[in-house]
Amino acid sequence: MDLRSDTVTLPTAAMRQAMAAAEVGDDVLGEDPTVRALEERTAEILGKEAALFVPSGTMGNQLAVRTHTEPGDEILLEGESHIYLVKRWEERGVRTLAQCH
Numbered sequence: 000m001d002l003r004s005d006t007v008t009l010p011t012a013a014m015r016q017a018m019a020a021a022e023v024g025d026d027v028l029g030e031d032p033t034v035r036a037l038e039e040r041t042a043e044i045l046g047k048e049a050a051l052f053v054p055s056g057t058m059g060n061q062l063a064v065r066t067h068t069e070p071g072d073e074i075l076l077e078g079e080s081h082i083y084l085v086k087r088w089e090e091r092g093v094r095t096l097a098q099c100h
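Position 26 of the sequence shown, counted from 1, bears residue number 25 in numbering that gives the first Met the number 0, the numbering being contiguous throughout.
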């Protein structure tokens with residue numbers, strides 16, 4: 000399994016089978032039991048009140064930036080950080096969604 004990015008990892012046959020057999024529901028309405036279980040277990044492991052599943056690393060990064068900044072803030076990034084390394088994809092999101100630079 001290649002965990003460098005959510006866009007390069009290919010599911011195994013067992014993963015595809017698990018996905019096909021999974022009980023599903025509307026996550027937006029809180030009706031997907033798999034997502035609910037994942038969020039609850041993650042919150043438990045981390046000792047938090049709640050957790051939120053996001054389908055990509057980019058979405059997680061954007062949420063983190065928006066949560067910790069105010070519009071107009073300047074963001075300082077470590078040279079090996081994911082947002083910095085893939086800034087051509089994520090920089091516009093930071094500027095547009097969080098209104099930071």
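Cβ coordinates follow ideal geometry from the N, Cα and C atoms, glycine included.
First and last residue of the uninterrupted alpha helix (DSSP H) at residue i
i: Leu96; result: It is not in any alpha helix (DSSP H) - Leu96 carries neither H nor E in the DSSP assignment.
i: Ala63; result: Gly56 to His67
i: Ile82; result: His81 to Leu84
Local conformation of residue i per DSSP, three classes
i: Val34; result: helix
i: Leu45; result: helix
i: Ala19; result: helix
i: Glu77; result: coil
Proximity below 9 Å, CB of residue i to CB of residue j
i: Cys99; j: Gly71; result: yes
i: Phe52; j: Val64; result: no
i: Val20; j: Glu38; result: Note that residue 20 is Ala in the sequence shown here, rather than Val. Going by C-beta atoms, Ala20 is not nearer than 9 Å to Glu38.
i: Val85; j: Thr66; result: no
Contacting residues, own chain, Cβ-Cβ under 7 Å from residue i (five flanking each side not counted)
i: Thr68; result: Ile74, Ala97 and Cys99
i: Pro32; result: Glu22 and Gly24
i: His81; result: Gly56 and Asn60
Close-in-space but distant-in-sequence residues of the same chain around residue i (CB under 6 Å, 5 per side omitted)
i: Thr11; result: none
i: Ala42; result: Ala49 and Ala50
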